[in-house]
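S.K.: One structure, pasted below without further comment.
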């Protein structure tokens, strides 16, 4: 090859790099390893990572069973090692899969259409707010305090640099957004209200009432959904204008936080302001059905600085996991799956309620609930770790006003014996039970 | 087919409808274990919030699902089937060991909020990868949080803004060369900056004189890709950095083309202040049909206080942890810690290569690009004769005299069993054909590609209409994109079922 090119050594090819910037030593990275060593190294790390522990963590990352067909199919090289389907004739598989994904997400969220996916639920929610700003021409946003705290942090990062002021609305003793405060927070320059349902506490919000309040003031209603499995049993936010969903629950490994699968879904009239890729149906020269990426005039590679967003990639392979999961469970299975989640969490909340306080009992919830204890949840969790159990998420960092509270999650994978064992270990420190009224007073303070 | 191709021939391709068209009531591919807690009255628990209908969600059996997605997969082209010469996309082999280790149970099932005490494995992966990437780039500090390249660009510009605000002047403009990827200007706009274009010189590089004239105290940064999108190394990169630094500006490097530099040169050594990497390009994590990506951002010391939180730290007792107390941080750009699964794969790639392998990878990538350049020079127009690094840009100038454009040649390549190159980009080359073979291709595959491109050039001379009508052997012929955009059909509906 050197001869064909007409050079003496490979080094000649690097002569365009000025000599003073050429690296003349080895990189100080670990030495080359054999495959068996690589596998060993990562297996060691897995052992230091709570392998095999029982977990009650949710809070935006959910542990659901992943049917084995998912990995069998997504590891096919034709999916795994293909590129963004810009060359449609050579990527019909990916494109048709995206089209089916968009259809199922629209169906589940109660929206007209959905995009091919976003990075994750947090950035998707932020992009939804920017989208509402473009649609309404207004420049501020209202956000519920019961939205995932890290989603709010991401939105704050995005909004600050677009000069979009954010107002936060508190929650009630039932753990839902305070509607009176919401009305007060809305102004003539409010582009949208962003809520989450089920919200960060697992409580289901009254989307219809919230959307009505928003619409009365000319603002859009955006609903973030972090626990996608809820859609099997909880009425979707049909009156919302944009749904920003994290679809991780649908067959995506927890993977220490990523990669996940955000999705935006919306009403037909807003599609041209939606960021992200979209697959559309068309025909070829012979009239045969086919699929292409479409409405690209919204996107950065065409519009550059005038694009709806700078987003370039989607989460195609993760979206394919989600797609296969939705196909496996389908119309009946998704409901039954959601029902098991609801039942496990209801049982667990009952059991916890006998030994500690379960907050926000006044509103319906899905598979998460907040437990308040007399002992610091960090201490409780430390005790549970000794039994290889990962307890609920202590909320002090995000909601100091809730005191010794933790967010617990049960899914179809949580067994009754796990719940019973855990409750009894938690109960070791929980002598007295305060009344619900005391708790509400505490929240109000 | 006019000319025979050695790479590909037609074979039977299965037809497959949409999954909804196969659905019928009663079919199922799921089974839940018996409920071990008391059953619940959903109406009592959920009231008016209960959902009663899942609409048109499918009902199909497991074998139908396996066949459905397997059939769809056979309609895709992929690296596993052959060379994928998309310029600036770095479609290299995605090692299977990466997939294996990313699925090891304790890593795949790790929860982002589990206690640090039982997250030491994940933290060690974050730390080790960070250290390796810092060594490779010659930078001082890094965040792994951004989910993709464009997300990394946004993070990088937010860091620039935060730093300059701390210096008392937030500045308004970002300079971007006319050869830049579309995400650069889109990102600058998303970060709230005005975009000012910078013309390239006749060698395809940043025009240093033009930069000197445009540089002032309003300019926050220059976003440069190096090697640039022509595959050309910006030889005056240090002069560029000096010009910016003299007026308080910063140099941002888009690391999309880092595959030309790893082990051979380090951006931190030639004046770059902030850059992003694409783990899905340079570090072999799979593109997966369009994502997930991962776009870590590496910076010089001056930008470290502003990195997104949390950052990984080593505690006094030697264990690792997350540090949240970062008062000058730009905040979070994503929930949790980034696309962790991609970190595992990228680190496995670095382990499999080591220092020697990483250097040789870069050398092979550049060697392969130059071999293609030599093989096609004269057959296709080479608009810039400047030496190529890891990719080469031709144009359709010769073929367009017969009415055949870059898009037509690209579609004809499909018939030859190759994915097309990147077409019509960079914008500074009219009718661009941007080819990046990567190090993964053996000489035999490169020869097949050169042969295919030469054969198409002959076809253009003999029968241009045949090329204009391509592809001839794909499942579908050219698709009507105009109709798709004019009346968008973005989802299936029962009423338009055939």
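Chains as they are written, first to last, in the working numbering: chain A, 92 to 536; chain B, 870 to 1367. All C-beta atoms in this analysis are idealised placements derived from N, C-alpha and C, irrespective of residue type, glycine included. In this text, all values refer to a predicted model and were calculated from it rather than measured experimentally.
1) At a Cβ threshold of 8 angstroms, is residue 1187 of chain B touching chain A?
2) When the Cα atoms are used, what is the spatial distance from residue 1323 of chain B to residue 1074 of chain B?
3) For residue 1348 of chain B, name the three-state secondary structure that DSSP assigns.
4) What does DSSP give as the partner residues of residue 375 of chain A in its beta bridges?
5) Tell me residue 260 of chain A's beta-bridge partners as DSSP assigns them.
6) Does the distance from the C-beta atom of residue 1201 of chain B to that of residue 245 of chain A stay below 8 angstroms?
7) Cβ of residue 1348 of chain B within 8 angstroms of Cβ of residue 876 of chain B?
8) Output the distance between the C-alpha atoms of residue 974 of chain B and residue 349 of chain A, rounded to the nearest integer angstrom.
9) Under 8 angstroms between C-beta atoms, does residue 879 of chain B make it to chain A?
10) Under the DSSP definition of a beta bridge, which residues are partnered with residue 1250 of chain B?
11) May I ask which residues mark the beginning and end of the alpha helix (DSSP H) holding residue 517 of chain A?
12) Would the beta-carbon of residue 119 of chain A fall within 8 angstroms of that of residue 1004 of chain B?
13) Are the beta-carbon atoms belonging to residue 1051 of chain B and residue 368 of chain A less than 8 angstroms from one another?
14) Which of the three DSSP states, helix, strand or coil, is assigned to residue 138 of chain A?
15) Measure the alpha-carbon distance for residue 108 of chain A versus residue 952 of chain B and round it to whole angstroms.
16) From residue 963 of chain B to residue 402 of chain A, what does the alpha carbon distance come to, in whole angstroms?
17) Can you tell me whether DSSP reads residue 127 of chain A as helix, strand or coil?
18) CB residue 176 of chain A to CB residue 1160 of chain B, shorter than 8 angstroms?
19) Could you check if residue 921 of chain B is buried or exposed, using at least 16 other CB atoms within 10 Å of its CB as the buried criterion?
20) What does residue 1139 of chain B reach in chain A if we use C-beta pairs closer than 9 angstroms?
21) Output the distance between the C-alpha atoms of residue 110 of chain A and residue 1170 of chain B, rounded to the nearest integer angstrom.
22) Which residues in chain B have a C-beta closer than 9 angstroms to the C-beta of residue 440 of chain A? List them in chain order.
23) Given a cut-off of 8 angstroms, decide if residue 1143 of chain B and residue 1180 of chain B are closer than it, judged by their beta-carbon atoms.
24) Using a Cβ-Cβ cut-off of less than 8 angstroms, list which residues of the region 302–328 of chain A approach chain B; keep chain order.
25) For the region 124–149 of chain A, enumerate the residues whose C-beta is nearer than 8 angstroms to any C-beta of chain B, in chain order.
26) DSSP beta-bridge partners for residue 1145 of chain B?
27) Excluding the 5 residues flanking residue 322 of chain A on each side, which residues of the same chain have their C-beta closer than 8 angstroms to its C-beta?
28) With contact counted as at least three CB pairs below 8 angstroms, one residue from each stretch, are the region 143–152 of chain A and the region 966–985 of chain B in contact?
29) Secondary structure at residue 499 of chain A, three-state DSSP: helix, strand or coil?
30) What is the DSSP secondary structure of residue 304 of chain A, counted as helix, strand or coil?
31) Could you check which residue in A:510, A:282, A:233 and A:363 has the C-alpha nearest to that of residue 258 of chain A?
32) My output table needs one value for residue 1066 of chain B: the three-state DSSP class, helix, strand or coil.
33) Considering only C-alpha positions, which residue in the set B:1053, B:1135, B:1204 and B:942 is nearest to residue 248 of chain A?
34) Here's a check: name, in chain order, each residue in its chain whose Cβ is nearer than 6 angstroms to the Cβ of residue 517 of chain A, leaving out the five neighbours to either side.
35) Return no unless some Cβ of chain A is closer than 8 angstroms to the Cβ of residue 1068 of chain B.
36) Taking 8 angstroms as the cut-off, decide whether the C-beta atoms of residue 495 of chain A and residue 521 of chain A are in contact.
M.R.: With the structure as the only source:
1) no
2) 29 angstroms
3) strand
4) B:1348
5) A:235
6) yes
7) no
8) 15 angstroms
9) no
10) B:1264
11) 507–518
12) yes
13) no
14) helix
15) 27 angstroms
16) 23 angstroms
17) helix
18) no
19) exposed
20) 108, 109, 111 and 112
21) 25 angstroms
22) The premise fails here: residue 440 of chain A is roughly 10 angstroms from chain B at the closest Cβ pair, so nothing lies under 9 angstroms.
23) no
24) 322, 323, 324, 325, 326 and 327
25) 124, 126, 128, 129, 130, 132, 133, 134, 135, 136, 137, 138, 139, 140, 141, 142, 143, 144, 146 and 148
26) B:1123 and B:1166
27) 199, 200, 316, 425 and 429
28) yes
29) strand
30) helix
31) A:233
32) strand
33) B:1204
34) 471
35) no
36) no
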